Amino acid sequence: MTKINLSYQSIPESVDLFYTDVCNVLYSKGLSQAQCHRTMVVLTELFDNALVHGNNYDPVKRVIVALDVNEGRVIADISDEGNNGLNKINSRPQADTDGVGGRGINLVQHYAESLEYLEINQGGLKAIVVINYEKQFCEI
Amino acid sequence: MEITMNEKNQVQILGLKGRLDLSSGGGLKEKVKSLMEENNNTIHLNLSQVDFINSSGLGVLVSIMKEIRLQKGRLTLSNLASYVQEIFEITQLSHIFEIYATEEEALSSYQSVSVS
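Just so you know, the sequences run in chain order A and B. Sequential numbering of the first sequence, starting at 0, is according to the working numbering. Sequential numbering of the second sequence, starting at 105, is according to the working numbering.
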């Protein structure tokens, strides 16, 4: 089992740092490229959401990530320091097939075993996600 | 993201390498925009070296496709890794984009359209 705590400034450069940090952990645990891709699709959606919609790229605010990688599963908590987080999540628009945005949550729901949101610290949002990376998906 | 450019039979071919996501999508959008400003509205994207795509990357591709169609142009994609193709299937964008197995197949389709 590998448990890691990470913290990022809410700046655009953190997208690359987060991706590199977490990918390195996943590959070191032996995940295949496809398993890593599916896991990272989920984690980057939640991270980007925290960075953009939660912290609104405020460099003073942090995105906090707790990652637990064990046999067959990744459990992650991704928290922001934003305001009114649960309301924002509950009022987000549905994606149109040919719309520019709104597909992130569909991808998360497709790949994640479970996803739960908690409001923390008076308005911040914590997403708790479990990904079974050994689950078989239809080969295209 | 690294972008290489090439042209064949008036089709602009962009080879993409790296991640297509929140941090890299803007560069691709700018590159396509500059091509369109020079009246290059037939564009092919070879994704053979794209090793990651998420909803932000898909959003950029949809935005590019809409701009090109608005200008009566055409956008094709090819060489998607199986796990990248999977993202297009889940989001049903595989029905919206013209996706070919190889770059050659995509370019042939431009030839057959212009002949007929």
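Just so it is clear, CB atoms sit at the ideal spot from N, CA and C, and this is done for glycine as well. Just so it is clear, the structure is predicted and the values come from calculations on it, not from any experiment.
Here Tyr187 of chain B is near Arg37 of chain A, since their CB atoms are less than 9 Å apart.
Contact residues of the region 191-219 of chain B toward chain A are Ile191, Phe192, Glu193, Ile194, Thr195, Gln196, Leu197, Ser198, His199 and Ile200 (C-beta to C-beta distance below 9 Å).
Listed along chain A, the residues sitting closer than 7 Å to Leu162 of chain B by beta-carbon distance are Arg102. Taking a Cβ-Cβ cut-off of 7 Å, Thr19 of chain A has no neighbours in chain B, whose nearest Cβ is about 10 Å from it.
Collapsing the DSSP output to three states places Gln175 of chain B in coil.
Within 8 Å of the CB of Leu66 of chain A, no CB atom of chain B is found; the nearest one sits about 17 Å away.
Segment contact: the region 80-93 of chain A against the region 116-136 of chain A, three or more CB-CB distances shorter than 8 Å; contact assigned.
The residue among B:Asn144, B:Gly129 and B:Ser212 with its C-alpha nearest the C-alpha of Gln175 of chain B is B:Asn144. Neighbours of Arg178 of chain B in chain A, taken as residues whose beta carbon is under 8 Å from its own, are absent, since the nearest beta carbon is some 16 Å off. With respect to chain A, the C-beta atom of Asn158 of chain B has a partner C-beta closer than 9 Å.
Taken in chain order, the whole beta strand (DSSP E) runs of length 3 or more contained in the region 83-127 of chain A are 113-119. A Cβ-Cβ distance of about 6 Å is found for the pair Lys125 of chain A and Asp76 of chain A, placing them in contact under the 8 Å criterion. Burial state of Val73 of chain A is buried, judged by a 10 Å Cβ sphere holding 16 or more other Cβ atoms.
Counting only the Cα atoms, Glu208 of chain B lies some 23 Å from Ile157 of chain B. DSSP, read as helix, strand or coil, puts Thr195 of chain B in coil.
Scanning chain A for C-beta atoms nearer than 7 Å to the C-beta of Leu126 of chain B yields Val14 and Asp47, reported in chain order. Going by C-alpha positions, Cys22 of chain A is about 23 Å away from Gly53 of chain A. Residue range Arg72 to Ser78 is occupied by the beta strand (DSSP E) that includes Ser78 of chain A. In the three-state reduction of the DSSP assignment, Ser182 of chain B falls in the strand class, which pools E and B.
In the same chain as Val164 of chain B, and ignoring 5 residues on each side of it, the C-beta atoms closer than 8 Å to its own belong to Leu124, Gly129, Gly130, Leu132 and Lys133, in chain order. A direct Cα-Cα distance of roughly 43 Å separates Tyr7 of chain A from Leu211 of chain B.
Excluding residues up to 5 positions away in sequence, Thr180, Leu181, Ser182, Leu184, Gln189 and Phe192 lie with their Cβ nearer than 8 Å to the Cβ of Ile203 of chain B in the same chain.
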